[in-house]
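First comes the structure, then the notes that go with it.
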Amino acid sequence: MIDVVVLFFLLGLLARLVKSDLALPGVLYETLSIYLLLAIGLKGGVELSKQSLQTVVPQMLFCLALGLTIPLLLYPLLRKLIGLNGFDAASVAAHYGSVSVVTFAVASAYLTHRNIQFEAHAALWVALLEAPGIVTGIALARWHEKKHAGQAGTKTGFSWRALAHDVFLGKSVFLLVGGLAIGTVMGEKGTAPIAPLFTVLFKGVLALFLLELGLVAGGRLSELKRYGIKLISFALLAPMCLAVLGALGGKALGLSMGGIAIMAALAASASYIAAPTAMRIAVPQANAALSITAALGVTFPFNVLLGIPLCLALAQYLN
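Residues in the sequence shown are numbered from 794 upward in steps of one, following the numbering used here.
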């Protein structure tokens, strides 16, 4: 049985396709995103307070390694098979090396709906996967720029300090890490007074957020013809290949079946919040529409509709 939140995403997608005037106020969209980031962080932090360091450290190291490695794997494929220039390839690779918080929320809701347990501190994985892929993507762009230093327009006035501020103190990372910290310090007892707000209402807020993302994704569909079948194929196939990588890592770490599915879904996801902002600052030569169309117009709908169930099937097979 399909999860109800997915139907909200499809409703938004349909509204855009039939040219409905449905739209969520910008202020409400920002409020919903802040709520989701804090709720995910708080829940993960509470569970993290119950874990031993010996259990968590290997998972943390794997997440960091995964985020750093994915862009290195994707960059040559984007260059040779799809024919993107170095800046565009680095930008797309960074988006897929980073992670989608909403994909994590949908995957968590999907497993909960099916009564499948997973590591409750998995929000920590999301926080750790957000930045490394972006940093690797920027390094790839800088490497490409250095190789072609004689070409016009390669000097960007780029500042690592400004980028670090935007990546690590930007809204998504700051709220997620902040929620993790509060949940870890206060624990289950300390966060009990606000638990109804951040637990009972979570799925309803997620449904509204997915309605908005359906509207946004629907608006991107018309842009797909600009980039051709190669990029669309990449945005569909790359997530499943990366999911296998995440699932195998989860299996090696000894995660539960649900935990393997979550790790696979995170590896398969692509950022459309943190990465676009960071890459716009660090690599202005890249075509921003190219990356966001692949990540939000193709990969996110695929993961919501098919990718997450496939990740669970993969986890069940490995388990």
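Note that the Cβ used here is the ideal one computed from N, Cα and C, for glycine as well.
N- and C-terminal bounds of the alpha helix (DSSP H) containing Phe855: One-based indexing of the sequence shown puts residue 855 at position 62. For Phe855, the enclosing alpha helix (DSSP H) begins and ends at 846-873.
Beta-carbon spacing of Asn1096, Thr862 below 7 Å: The residue given as residue 1096 occupies position 303 in the sequence shown. The residue given as residue 862 occupies position 69 in the sequence shown. Result no, Cβ atoms of Asn1096 and Thr862 do not sit closer than 7 Å.
Rounded separation between Leu871 and Tyr822 - CA only: Looking up residue 871 in the sequence shown gives position 78. Looking up residue 822 in the sequence shown gives position 29. Using only the alpha carbons, I get a separation of about 32 Å.
Residues near Asp796 in its chain [Cβ-Cβ closer than 7 Å; skip 5 each side]: On the sequence shown, residue 796 is found 3 positions in, with the first residue counted as 1. Around Asp796: Ala902, Tyr903, His906.
Buried versus exposed, by CB contacts within 10 Å (16 or more), Pro989: Your numbering for residue 989 matches position 196 in the sequence shown. By the C-beta density criterion, Pro989 is exposed, having fewer than 16 other C-beta atoms within 10 angstroms.
Whole-angstrom C-beta distance between Leu1059 and Trp936, which should lie under 8 Å: Mapped onto the sequence shown, residue 936 falls at position 143. Mapped onto the sequence shown, residue 1059 falls at position 266. The C-beta distance from Trp936 to Leu1059 rounds to 26 Å, too long to fall under 8 Å, and the pair is not in contact.
Straight-line gap, Asp881 to Met979 (C-alpha atoms, nearest Å): Here residue 881 refers to the residue found at position 88 when the sequence shown is read from its first residue. Here residue 979 refers to the residue found at position 186 when the sequence shown is read from its first residue. For the pair Asp881 and Met979, the Cα-to-Cα distance works out to about 43 Å.
Touching by the beta-carbon criterion (3+ pairs, under 8 Å), the stretch 1000-1010 and the stretch 797-817: Touching, yes.
Own chain partners of Leu793 with C-beta closer than 7 Å, once the 5 adjacent residues on each side are dropped: The structure shown has nothing for residue 793, since the chain only spans 794 to 1112.
Close Cβ partners of Ile827 (< 8 Å) along its chain, the five nearest in sequence each way excluded: As a first step, residue 827 is located in the sequence shown; it is residue number 34 there, counting from the start. Around Ile827: Lys964, Leu968.
Beta-carbon spacing of Ala1079, Ser884 below 7 Å: Here residue 1079 is taken as the residue at index 286 of the sequence shown, counted from 1. Here residue 884 is taken as the residue at index 91 of the sequence shown, counted from 1. Between Ala1079 and Ser884, the CB-CB gap stays under 7 Å.
Reduced DSSP secondary structure (H/G/I, E/B, other) of Phe1095: What you label residue 1095 is simply residue 302 of the sequence shown in a count that begins at 1. In this structure, DSSP gives Phe1095 a helical state, which the three-state scheme calls helix.
Reference Val993, options Lys836, Leu1029, Glu938, closest by Cα: One-based indexing of the sequence shown puts residue 993 at position 200. For the residues Lys836, Leu1029, Glu938, the minimum Cα distance to Val993 belongs to Lys836.
Extent of the continuous alpha helix (DSSP H) run through Leu1001: Residue numbering aside, residue 1001 sits at position 208 when the sequence shown is read from its first letter. Membership of Leu1001 in the alpha helix (DSSP H) is indicated by the continuous run 995-1013.
Neighbourhood of Thr1038 by C-beta distance below 6 Å, restricted to the same chain and skipping five residues each side: Numbered from 1 along the sequence shown, position 245 holds the residue referred to as residue 1038. The sequence given here places Leu at residue 1038; Thr does not occur at that position. The answer, listed in chain order, is Ala1060.
Residues of its chain near Leu1024, where Cβ-Cβ distance is below 7 Å and the 5 sequence neighbours each way are ignored: Locating residue 1024 in the sequence shown gives position 231, where the first residue counts as 1. Contacts found: Ile875, Ala1087.
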